[in-house]
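Worksheet: one structure, shown below.
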Amino acid sequence: MEQLGRVLCIITGASRGFGRTVAKEMARLVKPRSVFIVVARSGDELRTLKAELAESDLEVRCVVVDLSLTEAPEMVVRAAKEASSPDIEHLILVNNAASLGDVSRFTKSFTSMAEVNAYLSSNVSSALCLTASVLQAFPEQSGLRRCVINISSLCALKPFCSWVLYCTGKAAREMMFKVLAEEEPDLRVLNYAPGQLDTDMHILARTQTGELSFRKMLSDMLDNGQLVTCETSCAKMMKLLLEDKYTSGDHIDFYDI
Ligand code: NDP
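Residue numbers for the sequence shown follow the numbering used here, beginning at 2 and rising by one.
Spelled out as C-alpha cells, the structure:
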C-alpha cells in the first residue's frame, strides 16, 4: 500500500478534525522516508500527531504558526525544503485549514473592514500565498508529480444566510484553485467538499448560526446520525487521489461520489 509514492505532503489545519485524519490516512499510502509537514497553531496537538505518525517510517515536521501571518508561507517552505530529499516523487499540498468566522450575524452587520480583512486574510490570502510559495519552491520537474488540494464546501457554490464570511471565503478559494488549474496543466488540482463532518467546526455551526432554521437543520443532522466521520470522507478523497481520474480544477462533493 504505497501507491502515492515517496511524498512530500504539506497539510494545513492538521491539529484536529479533517486535516488530522488526512495526515493519518495519507501516511498509510506512502513509501517509507516520505516527508510530512503538518501546520496549525496548536503545537501540542501537532506534536502528538507527529509522535503517532513517527510509528511509520516518516520524516515529520511541525510548523506551529497562524497561517494569516505574513511569515507563514516562508516558514512552511523552509521546513519542507529542510526535510525533503531529491528522491521525492510526489508533492501533495492539502489546503485544509479554515475557520467558520462569525456565523451568528447577518451580512448587513459586517461594517468593520478590519474584521472582514482578518477573515479573508486567514482563509483566502493565506491559502493563495502558501500555494504559490510551495509551487515556486518545488517547480515542475521530470519525475515529480504535483497535486494541490483545496478543502472546499457546498458553501463555495451556494449561499447560506448568516454565513457571509464563510461562503465568500470558500467561493473565492474555489475560484483561485480553478484559475491555478487552468494556468498549470502539469499540476493536479482538486476542490474536495468533504460533507458534513462531526468536528469542532460543526459544533460551532450548529450552536452559533444566526439563521435559526439553518441552525436547527445542522443540529438535526447530528441528532439523526447524518454527520459523516472524517475517516469516511477522507477515504473517498484518497480514492480520488489514487484513481487520479478527476478533471484538474473540478469541485467534487463527498455526497456525489
Ligand atoms: P476544525 O475547526 O475542526 O479544524 C480546523 C483546522 O484548521 C484546525 O486544525 C485549526 O488548527 C486549523 N486552523 C484554523 N485557522 C488557522 C490559522 N489561522 N492558522 C493555522 N491553522 C488554522 O475544522 P474541520 O476539520 O471541520 O474542517 C476542515 C476543512 O473542511 C475546512 O476547510 C472546512 O471549511 C471544511 N469543511 C468542513 C465541514 C464540516 O462539516 N466540518 C463541511 C465542509 C467543509 P489550530 O486551531 O490548531 O490552528
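Note that beta-carbon positions come from the ideal geometry of N, C-alpha and C, so glycine has one too.
Cut-off 7 Å between Cβ atoms - residues of its own chain near residue i, not counting five sequence neighbours on either side
| i | result |
| --- | --- |
| Val61 | Phe37, Val39, Lys51, Leu54 and Ala55 |
| Ser85 | Leu9 and Val36 |
| Thr108 | Val165 |
| Asp88 | Arg7 |
| Val259 | Because the chain spans 2 through 258 in this model, residue 259 falls outside it and cannot be assessed. |
| Tyr1 | For residue 1 there is no data in the structure shown, the boundaries of the chain being 2 and 258. |
| Ala206 | Leu101, Val104 and Leu219 |
| Ile258 | Lys237 |
Residue i Cβ short of 7 Å to ligand 1 heavy atom set
| i | result |
| --- | --- |
| Leu68 | yes |
| Glu26 | no |
| Ala98 | yes |
| Pro195 | yes |
| Asp103 | no |
| Met202 | yes |
| Ser220 | no |
| Thr208 | no |
| Arg17 | yes |
| Ala128 | no |
| Ala138 | no |
| Val40 | yes |
| Gly144 | no |
| Gly226 | no |
| Ser154 | yes |
| Leu198 | yes |
| Thr233 | no |
| Glu75 | no |
| Thr13 | yes |
| Ser43 | yes |
| Glu53 | no |
| Glu46 | yes |
Coil, strand or helix - residue i by DSSP
| i | result |
| --- | --- |
| Ser106 | Position check: residue 106 holds Arg in this sequence, whereas Ser was assumed. If DSSP states are grouped into helix, strand and coil, Arg106 belongs with coil. |
| Arg189 | strand |
| Asp254 | strand |
| Leu198 | strand |
| Gly211 | coil |
| Glu72 | coil |
| Arg17 | coil |
| Phe178 | helix |
| Arg216 | helix |
| Ala206 | helix |
| Gln137 | helix |
| Tyr120 | helix |
Close-in-space but distant-in-sequence residues of the same chain around residue i (CB under 8 Å, 5 per side omitted)
| i | result |
| --- | --- |
| Gln197 | His203, Leu219, Met222, Gln227, Leu228 and Val229 |
| Thr169 | Leu121 |
| Ala119 | Ser69 |
| Leu158 | Ala172, Glu175 and His252 |
Identity of the residues DSSP links to residue i by a beta bridge
| i | result |
| --- | --- |
| Ile93 | Cys10 and Cys148 |
| Val61 | Phe37 |
| His125 | Going by the sequence as given, residue 125 is Val instead of His. Answer by DSSP bridge pairing: none, since Val125 is not bridged. |
| Val23 | The partner list for Val23 (beta bridge, DSSP) is empty, contrary to what the question assumes. |
| Val229 | Leu198 |
Nonlocal neighbours in the same chain, by C-beta distance under 6 Å from residue i, ignoring five residues either side
| i | result |
| --- | --- |
| Asp254 | Ala194 |
| Leu92 | Leu9, Phe139 and Arg147 |
| Cys235 | Thr22, Val23 and Glu26 |
| Cys231 | Phe19, Thr22 and Leu198 |
| Met238 | Tyr193 |
| Ser113 | none |
| Glu212 | Cys162 and Ser163 |
Could you tell me whether the segment 89 to 102 touches the segment 118 to 130, using the rule of 3 or more Cβ pairs below 8 Å? yes
Taking 8 Å as the cut-off, does the segment 72 to 83 touch the segment 101 to 116 (at least 3 CB pairs, one atom from each stretch)? no
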